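Q:
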Amino acid sequence: MPATKKEDIYFGLMMCFGMVVFMTFYNLYTHELLGTMTWKEVLVQLLLVYVVASLLELLVVGPIAKKAAFSLPYDKSKKIFVMLSLALCMVTGMVLCMSFYGLMTTYLTSGLDGASWIGSYFSLVGHNFIIALPLQLLVVGPLVRLLFARFVQGNRTELGG
Numbered sequence: 184m185p186a187t188k189k190e191d192i193y194f195g196l197m198m199c200f201g202m203v204v205f206m207t208f209y210n211l212y213t214h215e216l217l218g219t220m221t222w223k224e225v226l227v228q229l230l231l232v233y234v235v236a237s238l239l240e241l242l243v244v245g246p247i248a249k250k251a252a253f254s255l256p257y258d259k260s261k262k263i264f265v266m267l268s269l270a271l272c273m274v275t276g277m278v279l280c281m282s283f284y285g286l287m288t289t290y291l292t293s294g295l296d297g298a299s300w301i302g303s304y305f306s307l308v309g310h311n312f313i314i315a316l317p318l319q320l321l322v323v324g325p326l327v328r329l330l331f332a333r334f335v336q337g338n339r340t341e342l343g344g
């Protein structure tokens with residue numbers, strides 16, 4: 184877990200990167216866009232989504248999710264409870280925000296084909312949440328924590344900081 188503000192930013196950016204890569208490809212696949220886009224278009228999409236998600240995570244969702252997670256009634260001395268509550272709050276906030284981003288992108292590029300905004304939004308939130316939470320808990324979260332401990336915190340230990 185991050186010990187300083189700088190480490191917290193690195194950790195958030197690493198987590199965001201992992202989730203953006205997986206969720207972008209998931210959404211491109213479910214909307215049958217993978218075969219229709221060039222790799223350049225996919226990379227541009229990844230970059231745009233990463234910038235938006237990172238800013239949301241650092242400036243809006245992250246602070247609110249941390250406040251919410253630490254205000255929940257559980258034993259905060261147990262690291263697993265802290266990790267699970269933070270993951271649940273972060274995934275919920277990011278799915279709500281990034282699903283709106285995805286809906287706006289769809290609307291601006293191809294329209295909603297007469298579908299209702301509210302129905303489309305909640306459908307997108309549901310589909311994204313059922314993938315994002317297990318992805319965060321079982322794949323991206325553990326991988327980022329491992330890489331963070333090895334490369335970011337490992338450098339701090341080697342430098343005596």
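Residue numbers (the numbering used here): 184 to 344. Where is the CB? At the ideal position from N, CA and C, for every residue including glycine. Source: prediction; values computed, not measured.
1. Have a look at PHE208 and LEU216 and give me their C-alpha separation to the nearest angstrom.
2. From LEU255 to ALA248, what does the alpha carbon distance come to, in whole angstroms?
3. Can you round the beta-carbon distance between ALA315 and MET202 to whole angstroms, since I take them to be within the 8 angstroms contact cut?
4. Excluding five sequence neighbours on each side, which residues of the same chain lie with their C-beta closer than 6 angstroms to the C-beta of LEU318?
5. Taking GLY245 as the reference, give the member of GLN336, ARG328, LYS188, PRO325 with the closest Cα.
6. Check whether the Cβ atoms of LEU307 and GLY276 sit closer than 8 angstroms, and answer yes or no.
7. Using 8 angstroms as the Cβ pair cut-off and three pairs as the minimum, do the segment 318-328 and the segment 257-275 touch?
8. Measuring CA to CA, which of LEU330, THR292, GLY195, PRO185 is closest to THR241?
A: The relevant details are as follows:
1. Taking the sequence shown and counting its residues from 1, the one referred to as residue 208 is at position 25. Taking the sequence shown and counting its residues from 1, the one referred to as residue 216 is at position 33. Those two C-alpha atoms are separated by around 9 angstroms.
2. Translated into positions along the sequence shown, residue 255 becomes position 72. Translated into positions along the sequence shown, residue 248 becomes position 65. Using only the alpha carbons, I get a separation of about 11 angstroms.
3. The sequence position of residue 315 within the sequence shown is 132, counting from 1. The sequence position of residue 202 within the sequence shown is 19, counting from 1. Yes, ALA315 and MET202 are in contact; Cβ-Cβ is about 7 angstroms, under 8 angstroms.
4. For the purposes of this step, residue 318 is taken as the residue at position 135 of the sequence shown. For LEU318, where only same-chain residues beyond five positions count, the Cβ hits under 6 angstroms are PHE205.
5. Taking the sequence shown and counting its residues from 1, one reaches residue 245 at position 62. Cα-wise, what sits closest to GLY245 is LYS188.
6. As a working mapping, residue 307 is identified with position 124 in the sequence shown. As a working mapping, residue 276 is identified with position 93 in the sequence shown. Not in contact: LEU307 and GLY276 (Cβ atoms no closer than 8 angstroms).
7. yes
8. Indexing the sequence shown from 1 puts residue 241 at position 58. In the sequence on display, residue 241 carries Leu and not Thr. The shortest Cα separation from LEU241 among LEU330, THR292, GLY195, PRO185 belongs to GLY195.
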